[in-house]
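K.L.:
First residue of the sequence shown: 0, per numbering that gives the first Met the number 0; consecutive thereafter. No residue lacks a Cβ here, since even glycine has one placed at the ideal position from N, Cα and C. This structure is a prediction, so every number in the text was calculated from the model and none was measured. One structure coming up, written as structure tokens, with questions to follow.
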Amino acid sequence: MTMDVLSRMEEYDHEQVVFCQDKAAGLKAIIAIHDTTLGPALGGTRMWNYASEEEALRDVLRLSRGMTHKACAAGLNLGGGKAVIIGDPKKDKTEVLFRAYGRFVNSLGGRYITAEDVGTDVNDMEYAFTETDYVVGIESSHGGSGNPAPFTALGVFQAIKASLAKVYGKEDLNGRIVAVQGVGQVGSHLIRRLKTAGAKIFATDIDLEKLKAMQVEMGFEIVSAKEIYSVPCDIFVPCALGGVLNDETIPLLKCKIIAGSSNNQLEKSEHGEALKERGILYAPDYVVNAGGLINVYQELEGYSRERAERMTRGIYYNLKRVFQISDELGISTEKAAAKMVDQRLNQLRQISSSFQQTRKTALTHVHDRFRSHS
Ligand code: NAD
Numbered sequence: 000m001t002m003d004v005l006s007r008m009e010e011y012d013h014e015q016v017v018f019c020q021d022k023a024a025g026l027k028a029i030i031a032i033h034d035t036t037l038g039p040a041l042g043g044t045r046m047w048n049y050a051s052e053e054e055a056l057r058d059v060l061r062l063s064r065g066m067t068h069k070a071c072a073a074g075l076n077l078g079g080g081k082a083v084i085i086g087d088p089k090k091d092k093t094e095v096l097f098r099a100y101g102r103f104v105n106s107l108g109g110r111y112i113t114a115e116d117v118g119t120d121v122n123d124m125e126y127a128f129t130e131t132d133y134v135v136g137i138e139s140s141h142g143g144s145g146n147p148a149p150f151t152a153l154g155v156f157q158a159i160k161a162s163l164a165k166v167y168g169k170e171d172l173n174g175r176i177v178a179v180q181g182v183g184q185v186g187s188h189l190i191r192r193l194k195t196a197g198a199k200i201f202a203t204d205i206d207l208e209k210l211k212a213m214q215v216e217m218g219f220e221i222v223s224a225k226e227i228y229s230v231p232c233d234i235f236v237p238c239a240l241g242g243v244l245n246d247e248t249i250p251l252l253k254c255k256i257i258a259g260s261s262n263n264q265l266e267k268s269e270h271g272e273a274l275k276e277r278g279i280l281y282a283p284d285y286v287v288n289a290g291g292l293i294n295v296y297q298e299l300e301g302y303s304r305e306r307a308e309r310m311t312r313g314i315y316y317n318l319k320r321v322f323q324i325s326d327e328l329g330i331s332t333e334k335a336a337a338k339m340v341d342q343r344l345n346q347l348r349q350i351s352s353s354f355q356q357t358r359k360t361a362l363t364h365v366h367d368r369f370r371s372h373s
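Put into structure tokens, the structure is as follows:
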């Protein structure tokens, strides 16, 4: 079966797809650059045991397009890209594999900047960083911005406040009931903030040991992974996996708002309509969870934690704009977010020549960062 790569690229208007192979290093990877109108394409490298090359291609095309939307909605001067390495992250990781991968990233001359993602970690990216400057999110001791999760959690917290203001007319969390799915890196940081603000928390995780340890530290009520959907609450916060808003779960929900960090929360885009019909305000995931991306972006501008926090707080206003478009046009918030993204991309396409300049400026900072730490 042919993969029809070019017609697939045409479907969502991808600029470039690079297939990378190095037999000696055991590397098989695909890098997808979706759109560089706003700046260099930035997105993580996922390592996964894909059943087929077809599946890997589908994933990288979908994920890279999602990165264009996320960066654009956050107001960043970044394009969308993503890469996948085909292999088992538990068995197939080696220094030489990630260094070979780093060389392919380098060959793109900064059109694609990578970071860690599902199946890869900071150590893997340090190997890639040996071969290319175009890596962000590495350890702060190497000039990187460190763990993005606290910033993602701050962004979700701002999104929750914007959603409360929309639904209840005030953003105060005191006494609000919040159901958190997943107490991992983002979920745990977020729960700390929510508790401090006076919310009552119900939480779940499939890792029961972690869940119990967190409960001792933070004092929330534990519910099962199944029950989390039907907890009567003000806000449901998905911080675990994608596809959790679907035909099965939507009828169970007893919340007024959904705002969480998980990527691709809606199984299909029509589930955005289903939530609207049920009177549930859905804060689109890629607008809500951009805090981590905003943080690594600062590495390109010359890292400033203060600026990263200020821009992450701006998620409050990005979301307000989405709600406004949704009200004005009577469309779902999911569709409204897509409209907001299209508007910015189309406006900036008209002056795209200036962005050659921005792109160069951004890349100069990548080199400066590298030099100052070498
Ligand atoms: P994580 O792996 O640290 O935490 C995820 C948690 O979810 C784990 O504790 C896991 O046991 C739990 N989990 C998995 N399946 C579950 C289920 N069915 N029910 C309940 N719990 C379940 O990941 P994270 O970094 O906290 O990220 C959480 C989500 O946010 C992910 O979807 C991630 O892609 C997304 N996200 C994270 C960041 C970031 O900065 N870390 C940025 C953007 C988006």
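Between residue 191 and residue 179, what straight-line distance do the alpha-carbon atoms span, to the nearest angstrom?
P.N.:
Stepping through the sequence shown from its first residue, residue 191 is reached at position 192. Stepping through the sequence shown from its first residue, residue 179 is reached at position 180. Cα to Cα, the separation comes out at about 12 Å.
K.L.:
Measure how close the beta-carbons of residue 228 and residue 252 come, nearest whole angstrom, since I'm counting them as under 8 Å.
P.N.:
To locate residue 228, count along the sequence shown from 1; it is residue 229. To locate residue 252, count along the sequence shown from 1; it is residue 253. Between residue 252 and residue 228 the Cβ distance is about 6 Å, and since that is below 8 Å, they are a contact.
K.L.:
How would you write the range of the alpha helix (DSSP H) that residue 203 sits in, first residue to last?
P.N.:
Your numbering for residue 203 matches position 204 in the sequence shown. Counting along the chain, residue 203 falls outside any alpha helix (DSSP H), though it belongs to the beta strand (DSSP E) covering 199-203.
K.L.:
Where in the region 176-246 do unbroken runs of the beta strand (DSSP E), each at least 3 residues long, occur, reported from the N-terminal end onward?
P.N.:
Here the runs fully enclosed are 176-180, 199-203 and 234-237.
K.L.:
Straight-line CA distance for residue 222 to residue 8?
P.N.:
As a first step, residue 222 is located in the sequence shown; it is residue number 223 there, counting from the start. As a first step, residue 8 is located in the sequence shown; it is residue number 9 there, counting from the start. So the alpha carbons of these two residues sit roughly 43 Å apart.
K.L.:
Name the two residues that bound the continuous alpha helix (DSSP H) containing residue 326.
P.N.:
Residue numbering aside, residue 326 sits at position 327 when the sequence shown is read from its first letter. Segment 314-328, the alpha helix (DSSP H) holding residue 326.
K.L.:
Could you check which residue in 292, 32 and 263 has the C-alpha nearest to that of residue 108?
P.N.:
Within the sequence shown, the letter at position 109 stands for residue 108. Selected option, being the one with the closest Cα: 32.
K.L.:
Exposed or buried, residue 215, counting other C-beta atoms within 10 Å across all chains shown (16 or more means buried)?
P.N.:
Here residue 215 refers to the residue found at position 216 of the sequence shown. By the neighbour-count rule (16 or more Cβ atoms within 10 Å), residue 215 is not buried but exposed.
K.L.:
State the CB to CB distance for the pair residue 64 and residue 79, rounded to an integer number of angstroms; the pair is presumed to be in contact (CB under 8 Å).
P.N.:
One-based indexing of the sequence shown puts residue 64 at position 65. One-based indexing of the sequence shown puts residue 79 at position 80. 6 Å between Cβ atoms; contact.
K.L.:
Over what stretch of residues does the beta strand (DSSP E) that includes residue 19 continue unbroken?
P.N.:
Taking the sequence shown and counting its residues from 1, the one referred to as residue 19 is at position 20. Run containing residue 19: 15-21, per the beta strand (DSSP E) assignment.
K.L.:
By Cβ distance, which residues of its chain are closer than 7 Å to residue 303, with the 5 residues on each side in sequence left out?
P.N.:
Your numbering for residue 303 matches position 304 in the sequence shown. Excluding positions up to five away in sequence, the list reads 297.
K.L.:
Where in the region 33-96 do unbroken runs of the beta strand (DSSP E), each at least 3 residues long, occur, reported from the N-terminal end onward?
P.N.:
Segments of the beta strand (DSSP E) lying fully in the region 33-96: 44-47 and 78-85.
K.L.:
Can you grab the Cα-Cα spacing for the pair residue 346 / residue 288, in whole Å?
P.N.:
Sequence index remark: in the sequence shown, residue 346 carries index 347 (1-based). Sequence index remark: in the sequence shown, residue 288 carries index 289 (1-based). Those two C-alpha atoms are separated by around 24 Å.
K.L.:
If we require 4 or more residues per run, which alpha helix (DSSP H) segments fall completely within the region 118-157?
P.N.:
List check, alpha helix (DSSP H) in window: 121-130.
K.L.:
Can you say whether residue 269 is buried or exposed, counting buried as having 16 or more other CB atoms within 10 angstroms of its CB?
P.N.:
Here residue 269 is taken as the residue at index 270 of the sequence shown, counted from 1. By the 10 Å Cβ count, residue 269 comes out exposed.
K.L.:
Going by C-alpha distance, which of 113, 209 and 145 is nearest residue 130?
P.N.:
On the sequence shown, residue 130 is found 131 positions in, with the first residue counted as 1. Residue 113 is the option with its Cα nearest to residue 130.
K.L.:
For a test of your reading of the model: does the CB of residue 239 fall under 7 Å from any non-hydrogen atom of ligand 1? Yes or no.
P.N.:
Within the sequence shown, numbered from 1, the residue matching residue 239 stands at position 240. Residue 239: yes, Cβ under 7 Å from ligand 1.
K.L.:
Which same chain residues end up closer than 7 Å to residue 356 when comparing Cβ atoms and leaving out the 5 residues on each side of it in sequence?
P.N.:
Position 357 of the sequence shown, counted from the start, is the residue given in the question as residue 356. Residue confidence for residue 356 is low, a pLDDT of 49 falling below 50, so the modelled location carries little weight; the figure read from the coordinates is stated next. Result list for residue 356: empty, nothing under 7 Å.
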